[in-house]
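**Student:** Next up is a structure, given as structure tokens.
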């Protein structure tokens, strides 16, 4: 068994870049694109007058950023895996620059909305940056780097409001976009100078149909959720958008399962660790944004509400700043905790801490300091949870799919934040009262409801995380992370050994027919797990290795006996992996012990679906290709004697033998005219 391999020659290798510089540049890029979400929030009350429009239309300046970020994240992440992570990082930075320029030079609503939409695409670089850290940082720095990059989703939101408030109070509103664009230019130059390009590229064919369907589904869902407060949850347009999202998503899932190189690998996404981590991400994203929104609004409410403090936008931003700084400070701590206790335990601890913060917010709200402390506790939990999520994801997916998998995780967090925004808006709108000063403000009971909803969401995330596979040692004597989950990558640590070598090949059957969705796994000769992947519709696979050398390559496919070989993976060899042994369902058909030739054999699923047919040979033997594991019914039909015989069986992933003696069958029913 020989495979094709690609690697960089020494002359191609770029000079090593300081680790701290890579982390700093990527984290600053993440902070820049994250603050785009809150950059215009302080100006929303003034934008209707500035742009000559209504408040509802002005809200599109926030909505469009959310839409483009959510729709673009899975697409950009997949393109990063295919064509280069640094390349897509640069594309995202150019989108922020272009959006800032358009917004800064415009005075019409539709142009500013266009600019905001372009700027929203910048948020797509966060999962790409996480994957770059996975590829290029030494193992002892990956954890803290990933934790910091993941936390930028909250850090940017925390500093966006005070920054925007200061700029708007002292300069023209256009200055917001000049500052944002200027910072983006600086970071673009820094990316060119500091961030290396990853050699892990899957290439292949981009799933345009899958991208279009997912974009439509996300757009319909997010529009319905974000605008339902204005349109009404029971309005025809809201219900139509939600129904449309559901229908398109129902068509998208089977499409992704059939596509050889899908935009989102559904099979990988439904692996236990990935699925549960993503489910917890939605709930924790909800809790994080609910904490942020209620903190910012509570301290700005008039004092005569009984719970507000009447702070200005700038003062509110300064109150929010400790939460952002705490998330930065927690990055190395989170990494240390993940190394010591494992990402599963840290995710659970982070979610529980968020819940404690919300409970504290419900009980302690008599002063600004109490609000700062309790909201900071929730932010501390968010930092822990956000650091653990990408670590769990990257350990459970192929190295060549880390950007795509992190992109999906980031997208699901965004769905959680969108849901939080919609819930807070709906709850507050339903509980508005007029204060003694004549201003409209929600009752404190509305805040209490959101606090308890946030606590429930966080505890729900913790409960889901408890079902993630409990980690244990790969085997004694291997230096590495003892918290590596069973069935996932057991190579020592994330990072450290740069995957400079890409192994490519094809898996085919005996007649050269490509085998799709075969699983290829590469291990070191001592059994340490390196990477795995699935073949596309042409039977092609790609694996990432740290260096040329001897490896154990294992290939498995439904209906075929697994195949393995010790191979020397280096440059210049190419040969298909041929699966030689077909797994079979076979047996002998007899009549009182005498072989019966020519008997029809029919196999159906226990639920009634047809699987296949065969006929016994002259010696009474039959063979049917082994179906997927499950419950089946095997039937023999003797047309000459009018007899049948059925047997139930359970098929596992190994060849199965089932003999049938038709003499015990029942006669064919007679039908009278």
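Numbering (my numbering), first residue to last: 11 to 683. C-beta: ideal position from N, C-alpha, C; glycine also. Since the structure is predicted, the reported quantities are computational estimates derived from the model, not experimental observations.
(1) Based on Cα-Cα distance, which residue from 471, 598 and 331 lies nearest to residue 398?
(2) Which whole-angstrom value is the C-beta distance of residue 309 and residue 263, which I expect to be below 8 Å?
(3) In whole angstroms, what is the alpha-carbon distance linking residue 664 and residue 590?
(4) Determine the extent of the beta strand (DSSP E) in which residue 718 is found, giving its start and end residues.
(5) Should residue 287 and residue 478 be called a contact, given that it needs their Cβ atoms to be closer than 8 Å?
(6) What are the boundary residues of the beta strand (DSSP E) that includes residue 631?
(7) Return the first residue and the last residue of the alpha helix (DSSP H) that residue 348 is part of.
(8) Beta carbon of residue 649, beta carbon of residue 610: below 8 Å?
(9) In the structure shown, what three-state DSSP assignment does residue 668 receive?
(10) On the three-state DSSP scale, how would you describe residue 440?
(11) Using alpha carbons as the reference points, say which of 657, 246, 304 and 423 lies closest to residue 454.
(12) Since residue 44 contacts residue 133 with CB under 8 Å, what's their CB separation in whole angstroms?
(13) Under three-state DSSP, which class holds residue 462?
(14) Answer yes or no: the CB of residue 419 versus the heavy atoms of the ligand ADP, is any distance below 7 Å?
(15) Under DSSP, the beta strand (DSSP E) around residue 614 begins and ends at which residues?
(16) To the nearest angstrom, how far is the alpha carbon of residue 435 from that of residue 425?
(17) Between the stretch 273–281 and the stretch 451–466, are three or more C-beta pairs nearer than 8 Å?
(18) By how many angstroms is the C-alpha of residue 159 removed from the C-alpha of residue 140?
(19) Pick helix, strand or coil for residue 46, following the three-state DSSP scheme.
(20) Quick check: the stretch 117–128 against the stretch 231–245, are there 3 or more CB pairs under 8 Å?
(21) So what's residue 673 in DSSP terms, helix, strand or just coil?
(22) With three or more C-beta pairs closer than 8 Å as the rule, is the stretch 189–208 touching the stretch 88–98?
(23) To the nearest angstrom, how far is it from the Cα of residue 587 to the Cα of residue 173?
(24) Just how far apart, CA to CA, sit residue 353 and residue 395?
(25) Under DSSP, the alpha helix (DSSP H) around residue 268 begins and ends at which residues?
(26) Which residues in the same chain as residue 662 place their Cβ atom closer than 8 Å to its Cβ, once the five residues preceding and following it in sequence are excluded?
(27) When you compare only the Cα positions, how much space is there between residue 562 and residue 213?
(28) In chain order, what residues of the same chain lie with their CB nearer than 7 Å to the CB of residue 608, ignoring the 5 residues before and after it?
(29) Tell me whether the beta-carbon of residue 387 lies closer than 8 Å to the beta-carbon of residue 360.
(30) Return the CA-CA distance between residue 501 and residue 30, expressed in angstroms with no decimal places.
(31) Within 8 Å, do at least three Cβ pairs link the stretch 550–564 to the stretch 294–304?
(32) My guess is that residue 615 and residue 632 are in contact by the Cβ rule of under 8 Å, so how many angstroms apart are they, rounded?
(33) Relative to the C-alpha of residue 329, which candidate in 379, 337, 290 and 355 has its C-alpha closest?
(34) Count the other CB atoms, across all protein chains shown, that sit within 10 Å of the CB of residue 542; report buried if there are 16 or more and exposed otherwise.
(35) Report yes or no: do three or more beta-carbon pairs, one from the stretch 60–71 and one from the stretch 213–229, lie closer than 8 Å?
(36) Taking the continuous alpha helix (DSSP H) assigned at residue 384, which residues delimit it?
**Tutor:** On the basis of the data shown:
(1) For the purposes of this step, residue 398 is identified with residue 388 of the chain shown, where counting begins at 1. Closest option to residue 398, Cα to Cα, is 471.
(2) Position 299 of the chain shown, counting from 1, holds the residue named residue 309. Position 253 of the chain shown, counting from 1, holds the residue named residue 263. By a beta-carbon distance limit of 8 Å, residue 309 does not contact residue 263. Their separation comes to about 43 Å.
(3) Here the question's residue 664 lines up with position 654 in the chain shown. Here the question's residue 590 lines up with position 580 in the chain shown. Between the C-alpha atoms of residue 664 and residue 590 there is a straight-line separation of about 15 Å.
(4) Absent from the structure is residue 718, since the part of the chain shown begins at 11 and ends at 683.
(5) In the chain shown, counting from the first residue as 1, residue 287 sits at position 277. In the chain shown, counting from the first residue as 1, residue 478 sits at position 468. Taking the C-beta atoms as reference points, residue 478 is found nearer than 8 Å to residue 287.
(6) Numbered from 1 along the chain shown, position 621 holds the residue referred to as residue 631. DSSP places residue 631 in the uninterrupted beta strand (DSSP E) bounded by 631–635.
(7) Here residue 348 refers to the residue found at position 338 of the chain shown. It spans 323–351 - the alpha helix (DSSP H) in which residue 348 sits, taken as one unbroken run.
(8) In the chain shown, counting from the first residue as 1, residue 649 sits at position 639. In the chain shown, counting from the first residue as 1, residue 610 sits at position 600. Yes, the pair counts as a contact, with Cβ atoms nearer than the cut-off.
(9) For the purposes of this step, residue 668 is taken as residue 658 along the chain shown, with counting starting at 1. Residue state, collapsed to three classes: coil.
(10) As a working note, residue 440 is residue 430 in the chain shown. Under the three-state reduction of DSSP, residue 440 is assigned to coil, being neither helix nor strand.
(11) Here residue 454 corresponds to residue number 444 of the chain shown, with the count starting at 1. Closest by alpha carbon: 304.
(12) Position 34 of the chain shown, counting from 1, holds the residue named residue 44. Position 123 of the chain shown, counting from 1, holds the residue named residue 133. Indeed they touch by this definition, with Cβ atoms about 7 Å apart.
(13) As a first step, residue 462 must be located in the chain shown, where it is residue number 452. Here residue 462 sits in helix by DSSP.
(14) Judged by which ligands are present, the structure shown has none, so any question about the ligand ADP falls away.
(15) In the chain shown, the residue the question calls residue 614 occupies position 604. It spans 610–615 - the beta strand (DSSP E) in which residue 614 sits, taken as one unbroken run.
(16) Against the chain shown, residue 435 aligns to sequence position 425. Against the chain shown, residue 425 aligns to sequence position 415. When rounded, the distance between both Cα atoms is 15 Å.
(17) No contact exists between the stretch 273–281 and the stretch 451–466.
(18) Against the chain shown, residue 140 aligns to sequence position 130. Against the chain shown, residue 159 aligns to sequence position 149. Each residue's CA atom was taken as its position, placing residue 140 and residue 159 some 6 Å apart.
(19) Within the chain shown, residue 46 is the residue found at index 36, counting from 1. Residue 46 sits in a helix when the DSSP states are folded into three classes.
(20) Output reads no: the stretch 231–245 does not touch the stretch 117–128.
(21) The residue given as residue 673 occupies position 663 in the chain shown. Three-state DSSP puts residue 673 in a helix.
(22) By the Cβ test, the stretch 88–98 is in contact with the stretch 189–208, since at least three Cβ pairs between them sit closer than 8 Å.
(23) In the chain shown, the residue the question calls residue 587 occupies position 577. In the chain shown, the residue the question calls residue 173 occupies position 163. Rounded to whole angstroms, the gap between the alpha carbons of residue 587 and residue 173 is 58 Å.
(24) Start at 1 with the first residue of the chain shown, and residue 353 comes out as number 343. Start at 1 with the first residue of the chain shown, and residue 395 comes out as number 385. Distance between the alpha carbons of residue 353 and residue 395 is about 9 Å.
(25) To locate residue 268, count along the chain shown from 1; it is residue 258. Unbroken alpha helix (DSSP H) run through residue 268: 246–268.
(26) Residue mapping note: residue 662 aligns to position 652 of the chain shown, counting from 1. Contacts found: 639.
(27) Your numbering for residue 562 matches position 552 in the chain shown. Your numbering for residue 213 matches position 203 in the chain shown. Going from the Cα of residue 562 to the Cα of residue 213 covers about 24 Å.
(28) If you number the chain shown from 1, residue 608 lands on position 598. Only 625 and 626 meet the Cβ criterion.
(29) Taking the first residue of the chain shown as position 1, residue 387 is located at position 377. Taking the first residue of the chain shown as position 1, residue 360 is located at position 350. Here residue 387 is not near residue 360, since their CB atoms are 8 Å or more apart.
(30) The residue labelled residue 501 in the question sits at position 491 within the chain shown. The residue labelled residue 30 in the question sits at position 20 within the chain shown. Low confidence applies to residue 501: its pLDDT is 40, below 50, so where it sits in the model is not reliable enough to give any reading.
(31) Output reads no: the stretch 550–564 does not touch the stretch 294–304.
(32) As a working mapping, residue 615 is identified with position 605 in the chain shown. As a working mapping, residue 632 is identified with position 622 in the chain shown. No, residue 615 and residue 632 are not in contact; Cβ-Cβ is about 18 Å, not under 8 Å.
(33) Against the chain shown, residue 329 aligns to sequence position 319. Closest in C-alpha terms to residue 329, from the list 379, 337, 290 and 355, comes 379.
(34) Reading the chain shown from its first residue, position 532 is the one you call residue 542. Classification of residue 542: buried, given that the 10 Å Cβ count is 16 or more.
(35) Touching, no.
(36) Counted from its first residue, the chain shown places residue 384 at position 374. 378–406 is the span of the alpha helix (DSSP H), which, as asked, contains residue 384.
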